[in-house]
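Q:
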Amino acid sequence: MGLMDQVELPKPVKYVFNWGRKYSLWCFNFGLACCAIEFIAASTSRHDFIRHGVIPFAHGPRQADLLVVSGTLTDKMAPAVKRLYEEMPEPKYVISFGSCANCGGPYWDSYSVTKGVDQVIPVDVYVPGCPPRPEALLDGIIALQDRIQKESLKERIAGRRLDPITLGADTPLVSDSSPALPSGGGAT
Amino acid sequence: MTDVLARKDRALSPEETEALLRDRLGDQVVGSTVEFGTFTLHIAPSGWHAAAQLCRDESLLAYDMFDCLFGIDAREEGFDVVAVLYSTSVGTRICLRTRCEGGRDAPVCPSITDVYRGADWMERETYDMFGIDFEGHPSVEPRLLTVENFEGWPLRKDFHLTSRVAKSWPGVKEPAELDDEGNVIERIPEVGDAPGPYDLDKAMAEQARAINKPELDEGDADQDEADKDASAAKDDGDERPATEIDQETFDKLIAEGKSERIARSKAKAAFMKKQKAAAAAGDAPAEAEAEDAPTDGIDKETFDRLIAEGKSERIARSKAKAAFIKKQRAAEAADADDTDAAEGAPPDQDVEVAEQADESADAEVEATEEEPAKAPADEEPTAAEKAEARRKEQAEARKRKAEERAAEAEAGDADGDEPTQGPDDEEGQA
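Just so you know, the protein sequences line up as chains V and Z, in that order. Numbering-wise, the numbering used here comes out as the position in the first sequence, counting from 1, plus 20. Numbering-wise, the numbering used here comes out as the position in the second sequence, counting from 1, plus 26.
(1) Taking just the CA atoms, how far does P152 of chain V sit from R331 of chain Z?
(2) Quick one: what's P136 of chain Z bridged to in DSSP?
(3) Sort out for me which residues DSSP pairs C94 of chain Z with in a bridge.
(4) Return no unless some Cβ of chain V is closer than 8 Å to the Cβ of V457 of chain Z.
(5) Can you list the residues of chain Z that D95 of chain V reaches, using a CB-CB cut of under 9 Å?
(6) Considering H67 of chain V, what are the terminal residues of the alpha helix (DSSP H) in which it resides?
(7) Would you identify the three-state DSSP class for S58 of chain Z, choosing helix, strand or coil?
(8) Taking K345 of chain Z as the reference, give the member of Z:D325, Z:Q354, Z:A334 and Z:A359 with the closest Cα.
(9) May I have the straight-line CA-CA distance separating V173 of chain Z from D95 of chain V, to the nearest angstrom?
(10) By a C-beta neighbour count over all protein chains shown, 10 Å radius and 16 as the cutoff for buried, is L86 of chain Z buried or exposed?
(11) Can you give me the Cβ contacts of E274 of chain Z inside the same chain, cut-off strictly under 7 Å, excluding the 5 residues immediately before and after it?
(12) To which residues does DSSP link G99 of chain Z through a beta bridge?
(13) Counting only beta-carbon separations shorter than 8 Å, does D129 of chain V have a partner in chain Z?
(14) Does S132 of chain V have its Cβ less than 8 Å from a Cβ in chain Z?
(15) Determine, for P168 of chain Z, whether the minimum Cβ-Cβ distance to residues of chain V falls below 8 Å.
(16) Give the straight-line distance between the Cα atoms of D159 of chain Z and M148 of chain Z, rounded to the nearest whole angstrom.
(17) Determine the extent of the beta strand (DSSP E) in which C47 of chain V is found, giving its start and end residues.
(18) In this structure, what does DSSP give as the bridge partners for L87 of chain V?
(19) Let me see if you follow: with CB-CB separation under 8 Å, is R150 of chain Z close to chain V or not?
(20) Compare the C-beta of A247 of chain Z with all C-beta atoms of chain V and state if any pair is closer than 8 Å.
(21) Are the C-beta of R182 of chain Z and some C-beta of chain V separated by less than 8 Å?
(22) Where does F176 of chain Z fall in DSSP's three states?
(23) Can you tell me whether P76 of chain V is buried or exposed, with buried defined as 16 or more other CB within 10 angstroms of its CB?
(24) Excluding the 5 residues preceding and the 5 following L45 of chain V in the sequence, name in chain order all residues of the same chain whose CB lies nearer than 6 Å to its CB.
(25) Is the CB-CB distance between C121 of chain Z and V110 of chain Z below 8 Å?
(26) Evaluate G464 of chain Z with the Cβ neighbour count: other Cβ atoms within 10 Å of its Cβ, from every protein chain shown; 16 or more gives buried, anything less gives exposed.
(27) In the DSSP assignment, find the alpha helix (DSSP H) that holds T152 of chain Z and state where it starts and stops.
(28) Would you say R190 of chain Z lies against chain V (beta-carbon separation less than 8 Å)?
(29) Can you have a look at I115 of chain V and say buried or exposed, based on whether 16 or more other CB atoms are within 10 angstroms of its CB?
(30) By the 10 Å Cβ neighbour count, where 16 or more other Cβ atoms means buried, how is V143 of chain V classified, buried or exposed?
(31) Looking at the C-beta of L187 of chain Z, does it have a partner C-beta in chain V at a distance below 8 Å?
(32) Which residue's Cα is closest to the Cα of G73 of chain Z: Z:E44, Z:V56 and Z:A334?
(33) Should V137 of chain V go down as buried or exposed, given a rule of 16 or more other Cβ atoms within 10 Å for buried?
(34) For the alpha helix (DSSP H) that contains F37 of chain V, what are its first and last residues?
(35) Within the 8 Å Cβ cut-off, does A268 of chain Z reach chain V?
(36) For F65 of chain Z, which three-state DSSP category applies?
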């Protein structure tokens, strides 16, 4: 990473740098259940999140920036998710897609289902729904891109993360993604 | 073409299959059923392996495809294992079912892995979910479906879901839930509750009760009746002896040739009904007394006002009592004033006394709210006593209801009516 994790970039450089990062999110899909179908629908021609700069189906976690956990995570599968997440290079982002990945969903009382992927790995954006529509995933991606635009890479690499975004709870569902310069220093 | 397609017309019928397997296995074949188009052959555990082998190798059967294998929790009897086999040559399916040896504690079943390789993981999954050990299996450990250090057997009926212990299921668990007295538990869904087919539940519960009625009536109901009577006699002392029956009805029924037990029960019901009717007509003003008694030492006006304001009865009563005391003291003070007018007693005294009375009343309210059982004993009907009386009344009513129901059931049984006779019919006749 060189100096990236040592110094805070000057504002204009950071703007351009983050702009570049947010539109080339290589996405690693951890499809576990029916939500994975919605993810695939979001990647295909009708919804087509490639137009947002998200490149689906990365060859492996080592080439990916974004991990989308879509579906029911079981206790048996949890170590695999953790391992693949750890294989991803920093800076890395996680979208928890669907009720099961968020909190266990309809399997809240199951003997085998993990009550949310955030028990295993840190999550940046929660997309609620059972399953959420592809538009919801697009919205989650845009919310994440907003965050990437504003963040400081130094802070990110140092592991200081902002609080996760829950779509529909604390942010408007339609986010403002106008490419304005971040007002503050970026990092908080 | 015909050689490729499965030829069902060449297949043995279930009867023929059973006859063939009985011929080969003898009494290892315990029984057979054909349900929902599935032929199930029940096998003793000792013949389990041989049966699977036979099904595969016998040319007339030729069940060459292993479909699946799973366990069933048979409650007290232990566990069952079912294997489903398919014949690709004739296109028929057979279920082999066996009851594991070892009961619930250590269920064990012979493995058929050496007959069908596909049974390997199926048996491991069955081990995972039910804890059934498979004798002759290469290795059922490590656990396949659950995490390796998982404790318990999730598909056993006695397995507890920890999440459900922390927060119980927010609806009716079984379609026919009855309370201790056999009433259908009706749950009116509140906002935020999970939606459920409540009407359907109720209908199913009624049905279940109708079906279960006859056998319940034979011995248990009367036994319960007797128990209840005994406990009632214990509770109420001599208030309502168990021998109170309607002699007329009793004699009539005996004359009709009913058994004494039934006659007694019915006569009792008749007696109760009569008594109730009498009470309704006003001959038994016990309840009215209970209602009126506590209003003695209180200020009726204040009480009514507070009740109208929506206060609880206890608080209203207490405050009214305070008001009553205040008034009484005021009256006394007024008398004193009259007598002591010449002495020039301070006129503020009344107010002070009244205030003191009010304060003490407030304190009393607090005390009774905190510990209703320790309410001051010098007051006429304390909150505890009242609660006791109310509880007694409720118990009485509940007992009466249960008895009537039992008697009705008897009536339905004795008259040879359909057991589905609802409780309302009898009520209407009365």
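Where a beta carbon is used, it is the ideal one built from N, C-alpha and C, also for glycine.
A: In terms of the structure at hand:
(1) Straight through space, the alpha carbons of P152 of chain V and R331 of chain Z are spaced by roughly 57 Å.
(2) The partner list for P136 of chain Z (beta bridge, DSSP) reads Z:E161.
(3) Z:V110
(4) The first residue shown for chain Z is 27 and the last is 456, placing residue 457 of chain Z beyond what the model contains.
(5) T172, V173 and F176
(6) H67 of chain V -> no alpha helix (DSSP H), and no H or E assigned at all.
(7) strand
(8) With distances taken between Cα atoms, K345 of chain Z lies closest to Z:D325.
(9) 6 Å
(10) exposed
(11) none
(12) The displayed chain sequence assigns Asp, not Gly, to residue 99 of chain Z. Z:F105, per the DSSP bridge assignment.
(13) yes
(14) yes
(15) no
(16) 12 Å
(17) Going by DSSP, C47 of chain V is part of the beta strand (DSSP E) stretching over L45 to G51.
(18) V:F48 and V:V114
(19) No, no contact with chain V.
(20) Legend: pLDDT at A247 of chain Z = 46, less than 50; position of this residue unreliable, value from coordinates given subsequently. Using a CB distance cut-off of 8 Å, A247 of chain Z does not count as an interface residue toward chain V.
(21) no
(22) coil
(23) buried
(24) Here the set comprises V74, D85 and L86.
(25) yes
(26) Residue 464 of chain Z is absent from the model: chain Z starts at 27 and stops at 456.
(27) A145 to F156
(28) yes
(29) buried
(30) buried
(31) yes
(32) Z:V56
(33) Under this definition V137 of chain V is a buried residue.
(34) K31 to K42
(35) Bear in mind that the predicted position of A268 of chain Z carries a pLDDT of just 46, short of 50, making it too unreliable to give a figure here.
(36) strand
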